[in-house]
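S.K.:
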Amino acid sequence: MPAVPTPAVPRLKDTMTEAYFNERLEGQGWPRFDAEKANDVAREAWQALQHIYGLGVLETPLLRSPNLEAACTSCRVHLKLESSQATGSFKLRGATHALASLGGAGRVVTASTGNHALATVQAARALASRPEAPALEPVIFLPNTGTVAFELLMALPRLHAVYVPVGGGGLVSGIASVLKAVDPCIKVIGCQPSASAVMAASVEAGRLLQDVISTETLSGATAGGVEPGSLTFPVCRDLVDEWVQVSEEEIAAAMVDLASWHALRVEGAAGVAVAALLRHVPGLRGKSVAVVLSGGNVSDDLMEEAHGIARRS
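The sequence shown begins at 1 in UniProt numbering and counts up one residue at a time.
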């Protein structure tokens, strides 16, 4: 089947008010968002919606995937293309809100394997800050990922399940907090590589584990442990409905298939979510599901490695 073209990013109104976003929610059949009754993360995500787009963050498009729908026994699959974000990953949402929360004062220091550093530089430029000084509190980042969930709801009249790649849990925590505040029946599926499934193992154990062995994985963005005292662990424990772990062969196949079907180059973390959907298909017939493609900053070497693994499996 030929690749389906990526839809254009929706035009947003110049004045993005609470009334505007509620109008979009109600237009898809969802209830008006009641900030007073929502959890703290969802409430802050709702507030973040009203300013992040004016600072360079894009409302990323949804792509319908007939190929995945056929593989999943006729469920309706929508790919959330955070890979098309201005810096190639969802991290721009958190960096933009965090720097905006500082009021543009001072300089900012960040530690990153790549995506967050790119996002911090982009956000600093938008806010005329300098990306080099006092560290940010991690609590700032959780609400921003919830804006992904609001975008899903504003675009889809029905949503039964969302597949989200998980490393430290920031992305899934924000998404789950918003979705459960709007409709507790929407299932949130946490997706991890079997080679590094620290959060899933910790949730199963009921406590943060520091001795889970992680091995090399194509999904570098989700690899590694979860810090002691993590703000995301209790959210993952309480709000993520199910956990799915996938092999390196499944991740590689998902990356290769997305490139072939939709001309999408995605990171291994995004491949994890697609692979989890393919593994976790029972009960999805006729359902509307979303898969968050968290990033698209993938090197030629990693894509070549994925192709090699896919050919051998």
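Note that the Cβ used here is the ideal one computed from N, Cα and C, for glycine as well.
Using the rule of at least 16 other Cβ atoms within 10 Å of the residue's Cβ for burial, across every protein chain shown, is residue 151 buried or exposed?
M.R.: Buried, since its Cβ has 16 or more Cβ neighbours within 10 Å.
S.K.: I need the boundaries of the alpha helix (DSSP H) containing residue 181, first residue and last residue.
M.R.: From DSSP, the alpha helix (DSSP H) with residue 181 extends over 170 to 182.
S.K.: Quick one: grab the DSSP three-state call for residue 139.
M.R.: Confidence at residue 139 is low in this model, with a pLDDT of 42, below 50, so the placement of that residue should be treated as unreliable; the coordinate-derived value is given next. In the structure shown, residue 139 sits in a helix (DSSP, three-state: H, G or I).
S.K.: As an exercise, report each continuous alpha helix (DSSP H) stretch of at least 4 residues that is fully enclosed by the stretch 212 to 247, in chain order.
M.R.: Segments of the alpha helix (DSSP H) lying fully in the stretch 212 to 247: 232 to 239.
S.K.: Just the Cα atoms here: how many angstroms apart are residue 213 and residue 76?
M.R.: Approximately 36 Å between the Cα atoms of the pair.
S.K.: Would you tell me roughly how many angstroms separate the C-alpha atoms of residue 20 and residue 311, rounded to the nearest one?
M.R.: Cα-Cα distance, rounded: 48 Å.
S.K.: Taking the alpha-carbon positions, what's the residue 271 to residue 149 distance?
M.R.: So the alpha carbons of these two residues sit roughly 19 Å apart.
S.K.: Closer than 8 Å is the cut-off here; do at least three beta carbon pairs connect the stretch 187 to 197 with the stretch 216 to 230?
M.R.: As far as the Cβ criterion goes, the stretch 187 to 197 touches the stretch 216 to 230, which means the pair count is three or higher.
S.K.: Which partner residues of residue 191 appear in the DSSP bridge assignment?
M.R.: Answer is 165 and 244, bridged to residue 191.
S.K.: Taking contact to mean 3 or more Cβ pairs, one atom from each stretch, closer than 8 Å, check whether the stretch 46 to 65 and the stretch 249 to 256 are in contact.
M.R.: Verdict: no, contact absent.
S.K.: Touch check for the stretch 197 to 215 and the stretch 227 to 246: three-plus C-beta pairs under 8 Å?
M.R.: The answer is yes - the stretch 227 to 246 touches the stretch 197 to 215, with three or more Cβ pairs under 8 Å.
S.K.: In whole angstroms, what separates the C-alpha of residue 300 from that of residue 260?
M.R.: Computed Cα separation, rounded: 15 Å.
S.K.: When burial is assigned at 16 or more other CB atoms within 10 Å of the CB, is residue 215 buried or exposed?
M.R.: Exposed.
S.K.: Mind checking which residues open and close the beta strand (DSSP E) that includes residue 78?
M.R.: 76 to 81 is the span of the beta strand (DSSP E), which, as asked, contains residue 78.
S.K.: Quick one: is residue 294 buried, meaning 16 or more other Cβ sit within 10 Å of its Cβ, or exposed?
M.R.: So residue 294 ends up on the buried side.
S.K.: Tell me which residues share the same chain as residue 29 and place their Cβ nearer than 6 Å to its Cβ, disregarding the 5 neighbours each side in the sequence.
M.R.: Contacts found: 157.
S.K.: Are residue 83 and residue 266 closer than 7 Å when you measure CB to CB?
M.R.: Cβ atoms of residue 83 and residue 266: closer than 7 Å.
S.K.: Could you tell me which residues DSSP pairs with residue 63 in its beta bridges?
M.R.: According to DSSP, residue 63 bridges with 79.
S.K.: What's the gap between the Cα of residue 164 and the Cα of residue 173?
M.R.: One C-alpha to the other measures close to 10 Å.
S.K.: Identify which residue in 86, 89, 41 and 153 has its Cα closest to the Cα of residue 23.
M.R.: Of the candidates 86, 89, 41 and 153, the one whose C-alpha sits nearest the C-alpha of residue 23 is 153.
S.K.: Kindly give me the distance between the Cβ atoms of residue 146 and residue 41, rounded to whole angstroms, as I take these residues to be in contact under 8 Å.
M.R.: Rounded, the Cβ-Cβ distance is 6 Å, consistent with contact.
S.K.: Who does residue 288 pair with in a DSSP beta bridge?
M.R.: Partner(s): 76.
S.K.: In three-state DSSP terms, what is residue 293?
M.R.: Reduced to three states, the DSSP call for residue 293 is strand.
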